[in-house]
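S.K.: Residue numbers (the working numbering), protein chains in the order written: chain E, 29 to 249; chain U, 15 to 237; chain X, 31 to 302. Below is one structure. I have some questions about it.
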Amino acid sequence: MPYLDFLTTYSDRFLDGTLITLGQFGLAVLVAIIAALISGLMKMSHSKTVRATATVYIELFRGTSLLVQLYWFYFVLPLFGFTLEKFTAGFVTVGLCYGAYGAELVRGSIQSVPKGQWEAALALNMSPAARMRRIILPQALVTILPPWGNLMVEILKGTALVALISVADLMFETRQINNNTYLSAQAFGTALVIYYIFARFMVTPVMRWLERVMARKIGRM
Amino acid sequence: MLDWKLDFTWEILPRLIAAAGNTLVAAGGGYLVAVVLGLVFALAQRTPSRTLTFIVRELVEFVRSTPLLLQIFFIYYVGPQFGLRLSPWAAGLIAIGLHYAAYLSEVYRGGIENVPKGQWEAARAINLSTVQTYRRIIIPQALPPALAGMGNYLVGILKDTPMLSVIGVAELMHTANSIGADNFRYLEPYTIVGLIFLAISLPTAWLIRRFDKALRRKMGLTR
Amino acid sequence: MKYDMSDYPLKLEGDNVPMVRFQNVTKKYGQLTVLDGLNLDVAEGEMVTIIGPSGSGKTTVLRMLMTLETIDSGVIYVDGEPLTHMEKNGRLVRASAAHLRKIRSKIGMCFQHFNLFPHMTALGNCMEGPIQVLGLSKEKAEKRALELLDMVGMAEKRDQHPSRLSGGQQQRVAIARALAMRPKVMLFDEVTSALDPEVISEVTSVIRSLVDQHNLTMLMVTHQIGFAREISDRICFFFAGQIEEQGAPKILLDSPQNDRTQQFLSAVLDAN
Ligand SMILES: Nc1ncnc2c1ncn2[C@@H]1O[C@H](COP(=O)(O)OP(=O)(O)O)[C@@H](O)[C@H]1O
Ligand SMILES: [Mg+2]
Numbered sequence: 029m030p031y032l033d034f035l036t037t038y039s040d041r042f043l044d045g046t047l048i049t050l051g052q053f054g055l056a057v058l059v060a061i062i063a064a065l066i067s068g069l070m071k072m073s074h075s076k077t078v079r080a081t082a083t084v085y086i087e088l089f090r091g092t093s094l095l096v097q098l099y100w101f102y103f104v105l106p107l108f109g110f111t112l113e114k115f116t117a118g119f120v121t122v123g124l125c126y127g128a129y130g131a132e133l134v135r136g137s138i139q140s141v142p143k144g145q146w147e148a149a150l151a152l153n154m155s156p157a158a159r160m161r162r163i164i165l166p167q168a169l170v171t172i173l174p175p176w177g178n179l180m181v182e183i184l185k186g187t188a189l190v191a192l193i194s195v196a197d198l199m200f201e202t203r204q205i206n207n208n209t210y211l212s213a214q215a216f217g218t219a220l221v222i223y224y225i226f227a228r229f230m231v232t233p234v235m236r237w238l239e240r241v242m243a244r245k246i247g248r249m
Numbered sequence: 015m016l017d018w019k020l021d022f023t024w025e026i027l028p029r030l031i032a033a034a035g036n037t038l039v040a041a042g043g044g045y046l047v048a049v050v051l052g053l054v055f056a057l058a059q060r061t062p063s064r065t066l067t068f069i070v071r072e073l074v075e076f077v078r079s080t081p082l083l084l085q086i087f088f089i090y091y092v093g094p095q096f097g098l099r100l101s102p103w104a105a106g107l108i109a110i111g112l113h114y115a116a117y118l119s120e121v122y123r124g125g126i127e128n129v130p131k132g133q134w135e136a137a138r139a140i141n142l143s144t145v146q147t148y149r150r151i152i153i154p155q156a157l158p159p160a161l162a163g164m165g166n167y168l169v170g171i172l173k174d175t176p177m178l179s180v181i182g183v184a185e186l187m188h189t190a191n192s193i194g195a196d197n198f199r200y201l202e203p204y205t206i207v208g209l210i211f212l213a214i215s216l217p218t219a220w221l222i223r224r225f226d227k228a229l230r231r232k233m234g235l236t237r
Numbered sequence: 031m032k033y034d035m036s037d038y039p040l041k042l043e044g045d046n047v048p049m050v051r052f053q054n055v056t057k058k059y060g061q062l063t064v065l066d067g068l069n070l071d072v073a074e075g076e077m078v079t080i081i082g083p084s085g086s087g088k089t090t091v092l093r094m095l096m097t098l099e100t101i102d103s104g105v106i107y108v109d110g111e112p113l114t115h116m117e118k119n120g121r122l123v124r125a126s127a128a129h130l131r132k133i134r135s136k137i138g139m140c141f142q143h144f145n146l147f148p149h150m151t152a153l154g155n156c157m158e159g160p161i162q163v164l165g166l167s168k169e170k171a172e173k174r175a176l177e178l179l180d181m182v183g184m185a186e187k188r189d190q191h192p193s194r195l196s197g198g199q200q201q202r203v204a205i206a207r208a209l210a211m212r213p214k215v216m217l218f219d220e221v222t223s224a225l226d227p228e229v230i231s232e233v234t235s236v237i238r239s240l241v242d243q244h245n246l247t248m249l250m251v252t253h254q255i256g257f258a259r260e261i262s263d264r265i266c267f268f269f270a271g272q273i274e275e276q277g278a279p280k281i282l283l284d285s286p287q288n289d290r291t292q293q294f295l296s297a298v299l300d301a302n
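Right, here's the structure in full:
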């Protein structure tokens with residue numbers, strides 16, 4: 029079968045899979061941002077218990093494999109009485125896994141804000157919450173964006189694993205096509221190109237653009 | 015609700031521990047491929063040939079931007095289509111090695127670019143050949159700062175080996191899957207696999223951090 | 031650390047209540063005693079300048095008053111009320127965060143390195159505190175900020191970010207930002223030390239006009255002896271965490287009694 033025929037025959041399935049992958053990606057990014065922000069801030073708390081809680085989360089997820097986590101969330105968690113639908117189990121696990129990596133980025137970026145900024149905010153008598161929200165986080169955002177862009181690509185790649193708990197994403201559809209046709213080079217090759225286009229020509233440029241916007245906002249340009 | 019079966023745990027533990035050996039072999043083998051291939055990628059991008067630099071640069075970007083799982087399938091299934099049959103182990107090690115070679119090449123590149131320009135000029139001044147310059151002057155200086163990054167990717171590879179289960183490499187995940195399917199019990203095998211990974215990767219990561227700190231102190235880079 | 035609090039009044043009352051009082055204040059960093067039983071009163075509307083060699087504890091005095099540092103013993107009073115402590119059941123105890131916030135509202139500070147917020151314009155810097163802390167409306171805060179930017183000669187640069195401003199300009203915005211909070215006490219920590227020589231006068235003339243036109247209480251650390259002589263009501267010479275000598279500018283600068291003061295002054299004057 030010529031490649032063009034292959035593409036027209038299976039374009040619907042590639043498209044369906046791609047949409048699911050994008051959905052998984054968007055939701056996983058959201059979960060990762062929330063988890064990274066909360067646990068990154070908790071790591072800087074004065075309370076030892078709060079810090080320890082964050083450390084346990086971070087080390088658990090960074091110390092094990094995403095695939096192990098996925099299977100565990102999908103197959104074992106129901107035994108504890110939490111049954112997650114596979115779509116949900118997919119993006120939640122991917123998000124939590126990369127959120128643990130993001131936590132260190134959050135902490136590092138906050139610590140990179142010069143001490144004088146905290147002090148100036150305190151001298152204006154701002155409350156701790158206002159200092160964080162108005163002064164520190166906006167500046168931390170500028171330093172966290174470049175490494176966060178790399179993390180976004182990792183999250184996109186990580187979503188491919190949800191196929192192994194039967195979420196019908198791009199990876200899953202591609203495997204099905206391969207199983208039906210044995211046209212492995214065409215099937216997997218097409219999927220590789222789709223992932224590549226998203227990572228290289230969508231995620232990365234959007235992050236670069238965000239970096240520029242934020243840098244301009246902070247007046248560093 | 016939850017009932018952890020101890021006798022079942024004892025029954026499956028030896029199999030899982032044996033499989034953990036395979037996981038370590040896979041990680042070690044993949045890493046070896048990555049370390050060597052990564053160096054090739056890094057050096058290829060420093061040759062005078064612009065075409066070669068461009069091709070390798072794009073290849074590295076491509077490999078880094080696409081899922082390892084997909085690369086594993088690609089390498090395993092595409093060969094037979096063209097009459098080249100790879101064993102699961104061979105395909106797995108090539109895939110994982112290639113993937114991490116892309117990351118390691120960036121680590122090497124960073125290390126090499128950090129060596130001051132004056133070192134190249136001094137090497138030229140005593141008339142060392144390019145190969146001698148790399149071997150005797152540049153790599154010894156580029157390596158120590160790159161070691162922490164290299165160590166982190168070793169842990170990374172270890173944690174990615176479960177993906178090899180999809181093409182039938184009998185590492186931890188694969189073994190846990192078949193135990194689960196045979197007994198209809200997933201709690202113990204998957205939990206134990208998680209614990210084994212923690213038991214390997216946490217101490218390794220800790221050692222790498224300590225090693226990096228000691229190295230920095232030794233090289234006077236302490237912060 | 032425990033020490034007898036009965037020597038310290040719950041409130042300063044009577045006729046001549048100072049705007050700021052350090053009573054027997056000690057500050058340590060680990061083993062190092064930076065300030066040793068400091069006693070210092072600053073009257074309302076007074077301009078007190080602190081001079082002294084590097085490391086003598088000048089900055090620490092201002093930072094303790096701004097509550098950027100805690101103290102190890104003693105009490106600091108502001109406007110008659112304890113700052114570092116508060117009254118509880120008729121005794122002084124460590125100040126709570128809420129108490130610190132209440133008293134701190136009377137104090138403003140300008141830093142050696144300006145510490146302007148880089149992600150806000152000059153105007154935004156000056157409106158931030160009034161809106162977030164004082165709860166002013168946007169219009170009111172903007173009006174106040176513009177008046178102050180005008181006073182420091184920075185009205186034209188209101189929409190510029192700090193990275194687009196020179197050091198002297200940044201420091202003038204920082205002064206406006208602090209004044210926008212309407213403090214009773216202003217602290218200046220070597221506000222001209224990070225500036226190129228030719229722009230120092232931009233900043234000193236702003237401070238001079240503050241002295242002339244407002245009844246602010248000010249505490250200033252500087253190495254510019256000439257400037258200190260012109261505008262101070264009193265100069266304190268610090269040495270090794272203690273006030274070695276103090277007095278009116280003329281007396282302290284022209285006829286210092288203490289050997290160390292003499293040495294310091296001749297070294298500084300030689301350097302200029
Ligand atoms: N955060 C700190 N930790 C330890 N020592 C400090 C700290 N801040 C200041 N010091 C020490 O306290 C002493 C007084 O510092 P400072 O008040 O900044 O002096 P000055 O402003 O007169 O130069 C110095 O010896 C300084 O090294
Ligand atoms: Mg100082």
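Glycine included, each C-beta is placed from N, C-alpha and C at the ideal position. Computed from a predicted structure; not experimentally measured.
Go ahead and pull the three-state DSSP assignment for residue 195 of chain E.
M.R.: It is coil, neither helix nor strand.
S.K.: Can you tell me where the alpha helix (DSSP H) holding residue 90 of chain U begins and where it ends?
M.R.: Run containing residue 90 of chain U: 82-95, per the alpha helix (DSSP H) assignment.
S.K.: Any heavy atom of ligand 1 closer than 7 Å to the beta-carbon of residue 132 of chain X?
M.R.: False, no ligand heavy atom lies under 7 Å from that Cβ.
S.K.: Identify the contact partners of residue 257 of chain X in chain E, using a Cβ-Cβ distance below 8 Å as the criterion.
M.R.: Chain E residues near residue 257 of chain X: none, gap ~22 Å exceeds 8 Å.
S.K.: Should residue 119 of chain U and residue 52 of chain U be called a contact, given that it needs their Cβ atoms to be closer than 8 Å?
M.R.: Their beta carbons are under 8 Å apart, which means residue 119 of chain U touches residue 52 of chain U by this criterion.
S.K.: On the DSSP bridge assignment, give the partners of residue 207 of chain X in chain order.
M.R.: According to DSSP, residue 207 of chain X bridges with nothing at all.
S.K.: Helix or strand or just coil, what does DSSP make of residue 247 of chain X?
M.R.: Three-state DSSP puts residue 247 of chain X in a strand.
S.K.: For residue 237 of chain U, I'd like the list of residues in its chain whose CB is within less than 7 Å of its CB, leaving aside the five on either flank, ordered along the chain.
M.R.: For residue 237 of chain U, the predicted structure reports a pLDDT of 40, less than 50, and the residue's modelled location is therefore unreliable. The matter cannot be settled from this model.
S.K.: Cα separation between residue 34 of chain U and residue 106 of chain U?
M.R.: If you take the alpha carbons of residue 34 of chain U and residue 106 of chain U, they lie about 16 Å apart.
S.K.: What separation, rounded to the nearest whole angstrom, lies between the Cα atoms of residue 249 of chain E and residue 212 of chain U?
M.R.: Confidence at residue 249 of chain E is low in this model, with a pLDDT of 45, below 50, so its placement is unreliable and the value that follows should be read with caution. Going from the Cα of residue 249 of chain E to the Cα of residue 212 of chain U covers about 44 Å.
S.K.: Is any non-hydrogen atom of ligand 4 found closer than 7 Å to the C-beta of residue 221 of chain X, if you look at the structure I gave you?
M.R.: As presented, the structure is devoid of ligand 4, carrying ligand 1 and ligand 2 as its sole ligands.
S.K.: Does the beta-carbon of residue 89 of chain U have 16 or more other beta-carbons within 10 angstroms, so that it is buried, or is it exposed?
M.R.: Counting Cβ neighbours within 10 Å, residue 89 of chain U comes out buried, since at least 16 surround it.
S.K.: Quick one: is residue 31 of chain X buried, meaning 16 or more other Cβ sit within 10 Å of its Cβ, or exposed?
M.R.: The predicted position of residue 31 of chain X is uncertain, since its pLDDT is 46 and thus under 50; a value taken from the coordinates is nonetheless stated next. Exposed: under 16 other Cβ atoms inside 10 Å.
S.K.: Among X:161, X:92, X:292, X:155, whose alpha-carbon lies nearest the alpha-carbon of residue 134 of chain X?
M.R.: Residue X:92 is the option with its Cα nearest to residue 134 of chain X.
S.K.: Would you list the one or two residues that DSSP bridges to residue 276 of chain X?
M.R.: Residue 276 of chain X is bridged to X:266.
S.K.: Can you pull the chain U neighbours of residue 140 of chain E, defined as C-beta to C-beta under 7 Å?
M.R.: By Cβ distance, chain U contributes nothing, its closest Cβ being about 13 Å from residue 140 of chain E, past 7 Å.
S.K.: For residue 196 of chain U, would you say it is in contact with chain E, using Cβ-to-Cβ distances shorter than 8 Å as the test?
M.R.: No, no contact with chain E.
S.K.: Can at least three beta-carbon pairs, one atom from the segment 158-167 of chain X and one from the segment 152-165 of chain E, be found at a separation below 8 Å?
M.R.: Counting Cβ pairs under 8 Å, three or more are found: they touch.
S.K.: Is residue 143 of chain E near ligand 1, going by C-beta to nearest heavy atom under 7 Å?
M.R.: Answer for residue 143 of chain E: no, Cβ out of range of ligand 1.
S.K.: Just confirm the distance between the C-beta atoms of residue 215 of chain X and residue 49 of chain X, as a whole number of angstroms; I'd bet it's less than 8 Å.
M.R.: About 6 Å; that satisfies the 8 Å criterion.
S.K.: Could you give the residue range of the alpha helix (DSSP H) that holds residue 85 of chain E?
M.R.: Residue 85 of chain E -> alpha helix (DSSP H) spans 76-91.
S.K.: Measure the Cβ-Cβ separation of residue 202 of chain X and residue 183 of chain X and say whether it is below 8 Å.
M.R.: Yes; because the gap between Cβ atoms is below 8 Å, this pair is in contact.
S.K.: Check whether the segment 206-226 of chain E touches the segment 32-48 of chain E, taking contact to mean three or more Cβ pairs, one atom from each stretch, closer than 8 Å.
M.R.: Taking 8 Å as the limit for Cβ pairs, the verdict is that the segment 32-48 of chain E does touch the segment 206-226 of chain E.
S.K.: Determine the contact status of residue 137 of chain X and residue 217 of chain X, defining contact as a CB-CB distance below 8 Å.
M.R.: Cβ atoms of residue 137 of chain X and residue 217 of chain X: closer than 8 Å.
S.K.: Can you tell me whether residue 53 of chain X is buried or exposed? The criterion is at least 16 other CB atoms within 10 Å of its CB, across all chains shown.
M.R.: With 16 or more Cβ atoms within 10 Å of its Cβ, residue 53 of chain X is classed as buried.
S.K.: Is residue 90 of chain X near ligand 1, judged by its Cβ being under 7 Å from some heavy atom?
M.R.: Yes, ligand 1 has a heavy atom inside 7 Å of this Cβ.
S.K.: When DSSP labels each residue in this structure, what does residue 215 of chain U get in the three-state scheme?
M.R.: It is helical.
S.K.: So the alpha helix (DSSP H) residue 45 of chain U belongs to, where does it begin and stop?
M.R.: Looking at the DSSP string, the run of the alpha helix (DSSP H) that includes residue 45 of chain U is 20-58.
S.K.: Between which two residues does the alpha helix (DSSP H) containing residue 33 of chain E stretch?
M.R.: First-last of the alpha helix (DSSP H) with residue 33 of chain E: 31-70.
S.K.: Counting only C-beta atoms, is residue 237 of chain U closer than 8 Å to chain E at any point?
M.R.: Here the model assigns residue 237 of chain U a pLDDT of 40, short of 50, so the residue's position is not dependable, and the following value carries that caveat. It does not: the Cβ of residue 237 of chain U has no partner Cβ on chain E nearer than 8 Å.
S.K.: Using alpha carbons as the reference points, say which of X:265, X:273, X:299, X:224 lies closest to residue 55 of chain X.
M.R.: Among X:265, X:273, X:299, X:224, the Cα nearest to that of residue 55 of chain X is on X:273.
S.K.: From residue 146 of chain U to residue 135 of chain U, what does the alpha carbon distance come to, in whole angstroms?
M.R.: Computed Cα separation, rounded: 13 Å.
S.K.: Is the CB of residue 88 of chain U under 8 Å away from at least one CB in chain E?
M.R.: For residue 88 of chain U, the answer is yes, since a Cβ of chain E falls inside 8 Å of its Cβ.
S.K.: Should residue 298 of chain X be listed as close to ligand 1, given that the test is whether its C-beta is under 7 Å from any heavy atom?
M.R.: Answer for residue 298 of chain X: no, Cβ out of range of ligand 1.
S.K.: Would residue 159 of chain X count as contacting chain E if we go by Cβ distances under 8 Å?
M.R.: Yes, because at least one Cβ of chain E sits closer than 8 Å to the Cβ of residue 159 of chain X.
S.K.: Kindly identify the DSSP beta-bridge partner or partners of residue 112 of chain X.
M.R.: Paired residue(s): X:107.
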